[in-house]
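Below: the structure, in structure tokens.
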Amino acid sequence: MHKVLNYIGGELVEPNAHKWLDKPEPATAEVYAHVPDSDETDVWRAVEAAHRAFPSWSATPAADRSRMVRRIADAIRARLEEFARAESIDTGKPLSVASTVDIPRSILNFDFFADAVTQFSSEAHATDSVALNYTLRSPLGVVGCISPWNLPLYLLTWKLAPALVMGNCVVAKPSEVTPMTAFLLAQVCREVGLPPGVLNIVHGLGPKVGAAMSRHPEVRAISFTGSTRVGAEIARTAAPLFKKISLEMGGKNPNVIFADCDFDEALATTVRSSFANQGQICLCGPRIFVQNSIYERFKEALVARTRALKVGDPLDPKTEQGALVSHQHFDKVMSYIEIARKEGGRILTGGAPAKLEGRCRNGWFVEPTLVEGLGPECRTNQEEIFGPVATLTAFEHEDEVLAWANSTNYGLAASVWTKDLSRAHRFAAQLHSGIVWVNCWMLRDLRTPFGGVKDSGVGREGGLDALRFFTEPKNVCIKL
Ligand code: NAD
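Under our numbering, residues -19 to 460 are what the sequence shown spells out, in order.
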């Protein structure tokens, strides 16, 4: 049995109250680790440690902070297979995905921000010949980073890395559902000699640990990725304390396929954008709209490709679809398949738990599922399912599909497939979405702003925006 420990003041420590949570492996449903069930006192200790470390870390030259963060990247790179295996066992995602996507991209987060801080510049504005303004940007102090389970190391490091390079000290709370890679990260930080207290990781439940971070007066910012419901709760707690907040939340993204698209590319990418990581990526596009004239052909091909996806043991290199992350999430996804049926949806493929033999016979596997015949306003098409369930809807006109694409409360990401350049630009500009992909999906340049509109997020992160988020600006105005 593995035992995950908190990382506070440079030490790996048990939770103050010595309470533990069971951590099952999604592919087998068997408990394989105990995770700290930390409480407010652990958060206080972590904030104290971060507070003590702040004067020295914030005074460390940016180039030295950059070198330290790069050392973390290099140490993870050296243990890539160990991290990938831990992530696969922890989340149920295929090992092939963890080792080629999640862990390399986590390393890239550290590398990217280690570079970015050395290139960071602040603003200066000359007011004619009257005055010269320049902006000093100092680190905030102790900041809180709260992350979800679907890309556990990637999304955690996306926050930690910019916070650290800018001179902040961090209290981080990974999802209690997937703690293992954060625990490995703590070990790496000790190995490379990150000064004690610069990064602290407190494991445990959101309402205990995350809520204590959100209301702690010394925590000057909360950077959160997770559900819209919890994001709203954090905003309610943190706003009266005037903390900076960045909220990256849910999505229900449209994938709009016009008849003039590159059919094969649109098809292959739609399989990925619907089912990658078992549909548990906030950027997945589970609402698929296909123009009438190619609808039947596209549907037939998509159903065939979806049926061919190999659901299996996440540790098997041939597996394309692993397990859902938890029993609770499995139940949620299955309940939405039931809702889709009740709303009159026709299940084209899938629609049931996937039954596996051997080691994985009790795991939380769901067949990749395609549903048609549902209106854009029904619950299946409005609420975030966050699993391997996508709907197919035919459309005739651009205006009609634009209205449907924009009809949810979410606005995280969207995909558009067309060879008509004018339409691509026109359509992209009108979508209510933080990111629009034209003829692609999940391509990212880390320098661009990242995040959603409407109920999907506020306080964009990404590239230079993330570096700025973790600073307090001060304008100095000099009369000339
Ligand atoms: P969640 O909101 O349940 O949990 C996210 C984190 O918040 C966890 O660490 C959890 O313990 C913590 N938390 C829970 N209650 C809290 C509280 N009261 N105060 C403070 N922290 C609390 O989300 P999840 O189920 O872990 O992740 C799935 C969700 O994340 C989906 O909605 C998905 O769309 C979203 N997501 C968004 C993005 C994005 O970039 N927009 C990326 C990945 C996932």
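Idealized CB from N, CA, C, for every residue including glycine.
Ligand 1 heavy atom lying under 6 Å from the CB of residue i
{"i": "Glu67", "result": "no"}
{"i": "Asn130", "result": "yes"}
{"i": "Cys262", "result": "yes"}
{"i": "Ser155", "result": "yes"}
{"i": "Ile87", "result": "no"}
{"i": "Val438", "result": "no"}
{"i": "Ile181", "result": "no"}
{"i": "Gly206", "result": "yes"}
{"i": "Ala246", "result": "no"}
Proximal residues to residue i (C-beta, below 7 Å), its chain only, five neighbours per side dropped
{"i": "Ala468", "result": "The requested residue 468 does not occur in the structure, where the chain is confined to residues -19 to 460."}
{"i": "Gly302", "result": "Ala7, Gly72, Lys73, Pro74, Gln258 and Pro294"}
{"i": "Pro197", "result": "Leu221"}
{"i": "Asn342", "result": "Thr8 and Ala9"}
{"i": "Gly177", "result": "Gly(-11), Gly(-10), Ala29, Ala30, Arg32, Ala33 and Cys149"}
{"i": "Gln410", "result": "Leu382"}
Span separating the alpha-carbon of residue i from that of residue j
{"i": "Glu347", "j": "Pro333", "result": "6 Å"}
{"i": "Ile56", "j": "Asn130", "result": "19 Å"}
{"i": "Val62", "j": "Thr80", "result": "A small fix is needed here, since residue 62 is Glu in this sequence, not Val. Each residue's Cα considered, the two are about 13 Å apart."}
{"i": "Thr398", "j": "Glu364", "result": "26 Å"}
{"i": "Ser395", "j": "Ala248", "result": "13 Å"}
{"i": "Ala78", "j": "Glu67", "result": "6 Å"}
{"i": "Leu382", "j": "Ala218", "result": "35 Å"}
{"i": "Thr360", "j": "Lys290", "result": "25 Å"}
{"i": "Leu272", "j": "Asp240", "result": "Correcting the residue type first, residue 272 is Asn in the shown sequence and not Leu. Roughly 11 Å between the two C-alpha positions."}
{"i": "Lys335", "j": "Pro368", "result": "15 Å"}
{"i": "Val110", "j": "His405", "result": "42 Å"}
{"i": "Pro159", "j": "Val(-16)", "result": "7 Å"}
{"i": "Val251", "j": "Leu112", "result": "54 Å"}
Which listed residue (the options) has its alpha carbon closest to that of residue i
{"i": "Val(-7)", "options": "Leu304, Ile261, Ala191 and Gln167", "result": "Gln167"}
{"i": "Cys340", "options": "Glu5, Asn(-4) and Pro(-5)", "result": "Glu5"}
{"i": "Pro423", "options": "Ala111, Ala(-3) and Ser253", "result": "The residue you asked about is not Pro; residue 423 is Leu in the sequence shown. Measuring from the Cα of Leu423, the nearest candidate turns out to be Ser253."}
{"i": "Arg45", "options": "Leu174, Leu263 and Lys312", "result": "Leu174"}
{"i": "Glu461", "options": "Ala33, Ser38 and Arg321", "result": "Residue 461 lies beyond the stretch modelled for the chain, which goes from -19 to 460, so this question has no answer here."}
{"i": "Ile494", "options": "Glu(-9), Arg440, Ala53 and Leu227", "result": "The structure shown has nothing for residue 494, since the chain only spans -19 to 460."}
{"i": "Arg59", "options": "Arg326, Ile365, Ala13 and Glu171", "result": "Glu171"}
{"i": "Pro16", "options": "Arg32, Ala29, Glu276 and His(-2)", "result": "His(-2)"}
{"i": "His412", "options": "Val418, His405, Phe430 and Tyr390", "result": "Tyr390"}
{"i": "Gln99", "options": "Leu165, Val145 and Val23", "result": "Val145"}
{"i": "Ala42", "options": "Pro142, Ala446 and Arg326", "result": "Pro142"}
{"i": "Tyr316", "options": "Thr299, Asn455, Cys358 and Arg287", "result": "Cys358"}
{"i": "Thr299", "options": "Ile202, Gln308 and Ala288", "result": "Ala288"}
{"i": "Arg65", "options": "Leu133, Cys125, His377 and Trp384", "result": "Leu133"}
{"i": "Asp505", "options": "Val11, Thr137, Lys3 and Ala191", "result": "No statement about residue 505 is possible, as the shown extent of the chain runs from -19 to 460 and does not include it."}
Own chain, CB closer than 6 Å to residue i, minus 5 neighbours either side, in chain order
{"i": "Ser102", "result": "Thr115 and Arg117"}
{"i": "Gly330", "result": "Glu347, Pro348 and Thr349"}
{"i": "Ser306", "result": "Val157"}
{"i": "Gly355", "result": "none"}
{"i": "Asp91", "result": "Ala53"}
{"i": "Ile87", "result": "Ala53, Ile56 and Arg57"}
{"i": "Gly206", "result": "Pro128"}
{"i": "Arg50", "result": "Ala94"}
Neighbour flag for residue i against chain C, beta carbons, 7 Å
{"i": "Arg117", "result": "Although the question refers to chain C, the structure presented lacks it and comprises just one protein chain."}
Close beta carbons around residue i, own chain, < 8 Å, minus the five adjacent residues each side
{"i": "Ala393", "result": "Gly231, Asn233, Cys262, Leu263, Gly265, Ser413, Gly414, Ile415, Val416, Trp417 and Gly432"}
Runs of alpha helix (DSSP H) wholly within the region 5 to 65 (minimum 4 residues, chain order): 20 to 39 and 42 to 58
Those runs of the alpha helix (DSSP H) which lie wholly inside the region 191 to 248 and span at least 4 residues: 191 to 195 and 208 to 218
Runs of beta strand (DSSP E) wholly within the region 107 to 157 (minimum 3 residues, chain order): 111 to 119, 122 to 126 and 149 to 153
Complete runs of the alpha helix (DSSP H) confined to the region 248 to 310 [at least 4 residues]: 272 to 288
Within the region 389 to 427, ranges of the alpha helix (DSSP H) (whole runs, at least 4 residues): 401 to 410
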